[in-house]
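Take a look at the structure set out below.
There are 2 protein chains.
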Amino acid sequence: MSNLIRSTPRADGFRMPAEWEPHAGCWMLWPQRRDTWRNGGKPAQYAFVEVATQISRFERVTMGVNPDQFENARAMLPPQIRVVELSNNDAWIRDNGATFVVSEEGVVRGVDWTFNAWGGLRKMMYFPWDLDELVPAKMLEIESLDRYKAPLVTEGGAIHVDGQGTLLATESCLLNPNRNPDLSKAEIEQHLADYLDISRIIWLPRGVYEDETDGHVDNLCCFLRPGLVALTWTDDRSDPQYERSAEAYDLLRSARDASGRQLEVRKIHQPDPMMMTEEEAAGLDIVDTALLRPAGERLAGSYINFYIANGAIIAPQFGDRHDSAAFHQLAQLFPNREIVGIAAREILLGGGNIHCITQQQPAGRAT
Amino acid sequence: MSNLIRSTPRADGFRMPAEWEPHAGCWMLWPQRRDTWRNGGKPAQYAFVEVATQISRFERVTMGVNPDQFENARAMLPPQIRVVELSNNDAWIRDNGATFVVSEEGVVRGVDWTFNAWGGLRKMMYFPWDLDELVPAKMLEIESLDRYKAPLVTEGGAIHVDGQGTLLATESCLLNPNRNPDLSKAEIEQHLADYLDISRIIWLPRGVYEDETDGHVDNLCCFLRPGLVALTWTDDRSDPQYERSAEAYDLLRSARDASGRQLEVRKIHQPDPMMMTEEEAAGLDIVDTALLRPAGERLAGSYINFYIANGAIIAPQFGDRHDSAAFHQLAQLFPNREIVGIAAREILLGGGNIHCITQQQPAGRAT
Numbered sequence: 003m004s005n006l007i008r009s010t011p012r013a014d015g016f017r018m019p020a021e022w023e024p025h026a027g028c029w030m031l032w033p034q035r036r037d038t039w040r041n042g043g044k045p046a047q048y049a050f051v052e053v054a055t056q057i058s059r060f061e062r063v064t065m066g067v068n069p070d071q072f073e074n075a076r077a078m079l080p081p082q083i084r085v086v087e088l089s090n091n092d093a094w095i096r097d098n099g100a101t102f103v104v105s106e107e108g109v110v111r112g113v114d115w116t117f118n119a120w121g122g123l124r125k126m127m128y129f130p131w132d133l134d135e136l137v138p139a140k141m142l143e144i145e146s147l148d149r150y151k152a153p154l155v156t157e158g159g160a161i162h163v164d165g166q167g168t169l170l171a172t173e174s175c176l177l178n179p180n181r182n183p184d185l186s187k188a189e190i191e192q193h194l195a196d197y198l199d200i201s202r203i204i205w206l207p208r209g210v211y212e213d214e215t216d217g218h219v220d221n222l223c224c225f226l227r228p229g230l231v232a233l234t235w236t237d238d239r240s241d242p243q244y245e246r247s248a249e250a251y252d253l254l255r256s257a258r259d260a261s262g263r264q265l266e267v268r269k270i271h272q273p274d275p276m277m278m279t280e281e282e283a284a285g286l287d288i289v290d291t292a293l294l295r296p297a298g299e300r301l302a303g304s305y306i307n308f309y310i311a312n313g314a315i316i317a318p319q320f321g322d323r324h325d326s327a328a329f330h331q332l333a334q335l336f337p338n339r340e341i342v343g344i345a346a347r348e349i350l351l352g353g354g355n356i357h358c359i360t361q362q363q364p365a366g367r368a369t
Numbered sequence: 003m004s005n006l007i008r009s010t011p012r013a014d015g016f017r018m019p020a021e022w023e024p025h026a027g028c029w030m031l032w033p034q035r036r037d038t039w040r041n042g043g044k045p046a047q048y049a050f051v052e053v054a055t056q057i058s059r060f061e062r063v064t065m066g067v068n069p070d071q072f073e074n075a076r077a078m079l080p081p082q083i084r085v086v087e088l089s090n091n092d093a094w095i096r097d098n099g100a101t102f103v104v105s106e107e108g109v110v111r112g113v114d115w116t117f118n119a120w121g122g123l124r125k126m127m128y129f130p131w132d133l134d135e136l137v138p139a140k141m142l143e144i145e146s147l148d149r150y151k152a153p154l155v156t157e158g159g160a161i162h163v164d165g166q167g168t169l170l171a172t173e174s175c176l177l178n179p180n181r182n183p184d185l186s187k188a189e190i191e192q193h194l195a196d197y198l199d200i201s202r203i204i205w206l207p208r209g210v211y212e213d214e215t216d217g218h219v220d221n222l223c224c225f226l227r228p229g230l231v232a233l234t235w236t237d238d239r240s241d242p243q244y245e246r247s248a249e250a251y252d253l254l255r256s257a258r259d260a261s262g263r264q265l266e267v268r269k270i271h272q273p274d275p276m277m278m279t280e281e282e283a284a285g286l287d288i289v290d291t292a293l294l295r296p297a298g299e300r301l302a303g304s305y306i307n308f309y310i311a312n313g314a315i316i317a318p319q320f321g322d323r324h325d326s327a328a329f330h331q332l333a334q335l336f337p338n339r340e341i342v343g344i345a346a347r348e349i350l351l352g353g354g355n356i357h358c359i360t361q362q363q364p365a366g367r368a369t
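First to last, the protein sequences are chains S and H. With the first sequence counted from 1, adding 2 to any position gets you our numbering. With the second sequence counted from 1, adding 2 to any position gets you our numbering.
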């Protein structure tokens, strides 16, 4: 049983926990769109299998899959992964899935954001996104967790929290007129406060250069613990990313979190600029109703787009000269977690990375 | 996690429990086929809502639903029903779903029969049945229960057990060449023994007259407790059902169960013969790939097709002069359970009844 609750999480004593708090498990969706994932999705499927398999060493993984891919996904995934039918238009469950909230008493519920495929009719990634809109309700039905329906167009990748009342977001995404044209900034802030129990929002102007989500914060920076933030960085002042990271750095350093703390910021140098190759682009279906991904387009690569599992960090690697530094920085920043590197270019080709294709479900009970 | 187990339930110490043993809950599927259910499935949907709602007073109910009916089913069902996406070709989960088995230690697993839509290419109800074939695996994945794949074409409605090693079945169905043409009777018996832990099979020749399943036993007779069987009956010797019930009665009375007991048999008089009306038949789509259901066809109505829930009997009623007698007989036979009558004609029009659209999941744990 999953009740639709008409109040708000804050009013009921629920908050969004930080990603490093204990998980019941992790949700993913199976990639198959031929216009997002090259060669019929097969290379991406192998990458997703690797992500799921690695996460399953640390916590339960549930893979949601469209009906026509159930047998294939079940066959490709190891048996410890739970495979459930969960129709979707694409595999970005961070964005089209539920965001979970918890109470002091250990009850878990879900927030069902309004989803418009990263920009609605003004700038969607694909059309339609009707199945995506039902993903949160279906996740919560399976788990028998109650659901809040939030009257705010956003995606899970557009928000990062410290679990203590502070939220990171980008203006380019959350305040974009392609999301909530009828809401003022104050109204958007009020919804974030009400649905995640947030008392301080740190607004950053923009996300990662060429990030097609209008700049999701989860590709730019994230909390590592309360008071400590990691930020994607480049030392190359000629790279358009430089001024984006620099302005974010300055803002983060001058900000205070919900507890009044100044933030520490750790820079993680980005991979060198990567472009979609001719061969990669040639593997994509070309359709009128989905974003075109041409050869030569810069990919929004970032080491920030990792997933925090129970006892581990599942981190993207790109075969880049900066891979090793990023890996070792994460190891220092999370001394009590195993760092697991994943060859993630195939995920990045679809427009996101490991954090975008995962959604943690906090530990707790249904009622 | 749901492992596919290569051995058999019997070898691993698992048996199929009787339906009256404690349940974790009940599974159902949502009706929508326009060639099975009249008027786009709407009258049947209301009947299924009533069945699910009544069962949910006694145990958890999970309703599996095709993606295109998720919102409608969710809206029509009360919130305590768990609604999950579970693609299917039709709503007979007794037949296309998993059969559950339990161990002495309280572990629950599933048996995934081979399903051929009640007769395969020789006499199927509809084509294709590809989604039906995946229903058991998907149920078990959701519950993280391990799965046995049985090399036997059968359906849950073709078997009834007393939980103590005795199985009731009809030869017209289980031994029909449209099910397992390459298996001998002894091989079929061995599979039933291996997958349900059966040591005595009581074979009845035929099921209910005009039952389109080739005579599922669950419309003809069922165990009420070990040693006690209920049998559909008619006093009208001119009814073709008479000789079917009479021969079953004689066979049951002369049979011994797995413990060597003689069986007691309680006759429950059937409803008067019911026919598909012109109006009802006119509400069905006519398609080449599904059984035609013409006006005037006799419906295989029987009071035996009830569901045993925790603390209740969910029993079909037909607006017939025998309704009241059947209801009171069940009340006497199950003195510790509430008898809940359901107006079931809309279910019967599809070719089955309450037992056919339900599947109990025994209480127990995954590992």
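Every residue, glycine too, gets a C-beta built ideally from N, C-alpha and C.
- In the DSSP assignment, S:PRO242 falls within the alpha helix (DSSP H) that extends over 242-256.
- H:GLY42 carries a helical assignment under DSSP once its states are collapsed to helix, strand and coil.
- For the stretch 218-234 of chain S, the beta-carbon criterion of a distance under 9 angstroms to any beta-carbon of chain H is satisfied by none of its residues.
- C-alpha of H:THR236 to C-alpha of H:ALA93: approximately 29 angstroms in a straight line.
- At a cut-off of 8 angstroms between beta carbons, S:LEU133 contacts chain H.
- Under the DSSP assignment, H:ILE306 falls outside any beta strand (DSSP E); it carries neither an H nor an E label.
- The beta carbons of S:ARG111 and S:ASP164 sit no closer together than 8 angstroms.
- S:ARG227 has its alpha-carbon roughly 14 angstroms from the corresponding atom of S:ARG258.
- Residues of the stretch 74-91 of chain S whose Cβ lies closer than 8 angstroms to any Cβ of chain H, in chain order: ARG76, PRO81, GLN82, ILE83, ARG84, VAL85, VAL86, GLU87, LEU88, SER89.
- A direct Cα-to-Cα measurement between H:LYS187 and H:PRO153 gives close to 14 angstroms.
- With contact defined as three or more Cβ pairs closer than 8 angstroms, the stretch 133-140 of chain S and the stretch 89-107 of chain S are in contact.
- Per the C-alpha coordinates, the member of H:TYR197, H:ASP196, H:ILE190 positioned closest to H:TRP205 is H:ILE190.
- Taken through DSSP and simplified to helix, strand or coil, H:HIS271 comes out as strand.
- The CB of S:ILE57 never comes closer than 8 angstroms to any CB in chain H; the least such distance is about 13 angstroms.
- Using a Cβ-Cβ distance cut-off of 8 angstroms, the stretch 43-52 of chain H and the stretch 342-357 of chain H are in contact, since at least three pairs of beta carbons, one from each stretch, lie closer than that value.
- Taken through DSSP and simplified to helix, strand or coil, H:PHE102 comes out as strand.
- Ranked by Cα distance from H:GLU145, the first of S:VAL85, S:ALA314, S:PHE129, S:SER58 is S:VAL85.
- Under the DSSP definition of a beta bridge, S:GLN331 lacks any partner.
- Membership of S:TYR197 in the alpha helix (DSSP H) is indicated by the continuous run 187-198.
- In the structure shown, the three-state DSSP call for H:TYR211 is coil.
- Residue environment: H:GLY108 is assigned as exposed (fewer than 16 neighbouring CB atoms within 10 Å of its CB, all protein chains considered).
- Cβ atoms of S:GLU143 and S:PHE117 stay farther apart than 8 angstroms, at about 17 angstroms.
- Secondary structure at S:THR369: coil, using DSSP grouped into helix, strand and coil.
- Annotation for S:ARG202: the continuous beta strand (DSSP E) segment containing it runs 202-206.
- Runs of the alpha helix (DSSP H) lying entirely within the stretch 108-175 of chain H, each at least 4 residues long, are 137-145 in chain order.
- The Cβ of H:PHE72 sits closer than 8 angstroms to at least one Cβ of chain S.
- Counting every other CB atom within 10 Å of its CB across the protein chains shown gives H:ASN338 a total below 16, marking it as exposed.
- Pairing S:LEU301 with S:HIS271, the inter-Cα distance amounts to about 15 angstroms.
- For S:MET78, the enclosing alpha helix (DSSP H) starts and ends at 72-78.
- The stretch 56-68 of chain H and the stretch 18-29 of chain H touch, with three or more beta-carbon pairs separated by less than 8 angstroms.
- With respect to the 8 angstroms criterion, S:THR360 and S:TYR309 are classified as neighbours on the basis of their beta carbons.
- Within the same chain, VAL231, LEU265, VAL267 come within 6 angstroms of S:LEU254 by CB-CB distance, once the 5 residues on both sides are set aside.
- Listed in chain order, the non-local C-beta contacts of H:ASN312 below 7 angstroms within the same chain comprise PRO24, HIS25, PHE60, GLU61, local neighbours out to five positions each way being set aside.
- Note on geometry: alpha-carbon atoms of H:ASN5 and H:GLY303 lie some 39 angstroms from one another.
- Across the structure, S:ALA171 and S:ILE95 are spaced so that their CA atoms are roughly 18 angstroms apart.
- When secondary structure is reduced to three states using DSSP, H:GLU61 falls in the coil class, being assigned neither helix nor strand.
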